[in-house]
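Last residue of the sequence shown: number 116 in UniProt numbering, and the count goes up by one each step with no gaps. Note sheet for the following structure.
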Amino acid sequence: MTVYKFALADVSFERSPGQQADIFTGNVLDQHHGGPVTVGFGRYGPNQILETTIAVHDTMVILEGGVSVTSNGETFNAGPGEIIAMQDGDRVTIRSHEEGAVTAYVTYPHWQEAES
């Protein structure tokens, strides 16, 4: 078994695929490591909006700031220490609050493979 430890300083952020908003992701563990999940960090600028259909099971842990996730007419607000779990096929609108947000995420399966 291999044990990993990651910090925000370990990530190289890239703009989330398919959008122009100030939203960036950075995988620290993914399909290149041989495991079944992707682990990474997300960074949202203030008041950003991402509308998408989730292509994997995506668990987002809010580390700093806040986000709101709306799906099926229901909105979930989350701040530091809270978790939002989104399932494959969920149509969501993710909004960062005025202070922006930093998140950690785990997806199953690998989100990059699901978007290909």
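For glycine and all other residues, C-beta sits at the position ideal for the given N, C-alpha and C.
- Query: To which residues of the same chain is Gln19 closer than 7 Å at the C-beta, ignoring the five residues directly before and after it?
  - Reply: Within the same chain, Gln19 has close Cβ partners Leu50.
- Does the beta carbon of Lys5 fall short of 8 Å from some heavy atom of the ligand ADP? For the structure depicted, the ligand ADP is absent and the ligand set is empty, with no information on it obtainable.
- Query: Under 9 Å, do Ile54 and Glu82 count as touching if we go by C-beta distance?
  - Reply: If you check the CB distance, Ile54 and Glu82 do not come in under 9 Å.
- Message: Please list the terminal residues of the continuous beta strand (DSSP E) segment that includes Gly65.
- Response: First-last of the beta strand (DSSP E) with Gly65: His57 to Ser71.
- Item | Reference His97, options Ile84, Ala104, Asn77 and Asp88, closest by Cα | That would be Asn77, whose Cα lies nearest to the Cα of His97.
- Task: Give a yes or no on contact between the segment 30-39 and the segment 85-93, applying the rule of three or more CB pairs nearer than 8 Å.
- Result: Too few Cβ pairs lie closer than 8 Å, so no.
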